[in-house]
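To get our numbering, take the position in the sequence shown, counting from 1, and add 10.
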Amino acid sequence: MKRMLAVISMTLPLCGCFGGSMDLFGSDSVDRSISTNTVATKRNPSGGSDELTVQNAVSSADLDKNAGNPLPWANAATGSAGVVTAIQEERDNGVVCRNFSTTRHSYEGIAYFAGQTCTTGSGQWQLMRFDRRS
């Protein structure tokens, strides 16, 4: 009998661990107004900045002096760098376009791109295409 009382007295405090609720009176309900969700990932902000850096390198290149040599570029703001390996200029109805191939070395790895930049009516260069190649 003493043994049975000892077992009951030792296990009785553990009964609360297996209960369904900490609320003794059952007055509180679950607050369904609070929800959680994943945080949307931001698009890589360095992409646009690197594209403009490459466009500036391609549009300002002196093709006569460069003569097919690789053209290095670097973006101090993002830490990315690369090499433009080919620039081909086309002229059509007063519009100058330069097609190019480049690499981008960043913290995400090395990527290859093909692009095109053209002059607008005001003489400014505009990036028309900057496509990642696999």
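We treat Cβ as the ideally placed atom computed from N, Cα and C, and that holds for glycine.
This structure is a prediction, so every number in the text was calculated from the model and none was measured.
Go ahead and label residue i buried or exposed: buried means 16 or more other beta carbons lie within 10 angstroms of its beta carbon, across all protein chains shown.
i, result
"Q136", "exposed"
"G133", "exposed"
"G58", "exposed"
"N47", "exposed"
"T63", "buried"
"D85", "Residue identity differs from the one stated: residue 85 is Asn in this sequence, not Asp. N85 is buried by the Cβ-count criterion."
"T40", "Correcting the residue type first, residue 40 is Val in the shown sequence and not Thr. Counting Cβ neighbours within 10 Å, V40 comes out exposed, since fewer than 16 surround it."
"G104", "exposed"
"V94", "buried"
Whole-angstrom Cβ separation of residue i and residue j, contact assumed at under 8 Å?
i, j, result
"T130", "Q65", "12 Å between Cβ atoms; not a contact."
"L81", "E99", "The pair is not a contact, with the Cβ atoms about 13 Å apart (cut-off 8 Å)."
Can the beta-carbon of residue i be found less than 9 Å from the beta-carbon of residue j?
i, j, result
"V68", "R108", "yes"
"F110", "E61", "no"
"A71", "I97", "yes"
"G119", "M138", "no"
Name the DSSP beta bridge partners of residue i, please?
i, result
"A86", "Answer is none; A86 lacks a bridge partner."
"L137", "T127"
"Y117", "Beta-bridge pairing links Y117 to no other residue."
"A96", "S111"
Mind checking if residue i is an interface residue toward chain B, Cβ cutoff 9 Å exclusive?
i, result
"S39", "This model lacks chain B altogether; it includes just one protein chain."
Quick one: any contact between the stretch 106-118 and the stretch 83-93, if contact means 3 or more CB pairs under 8 Å?
yes
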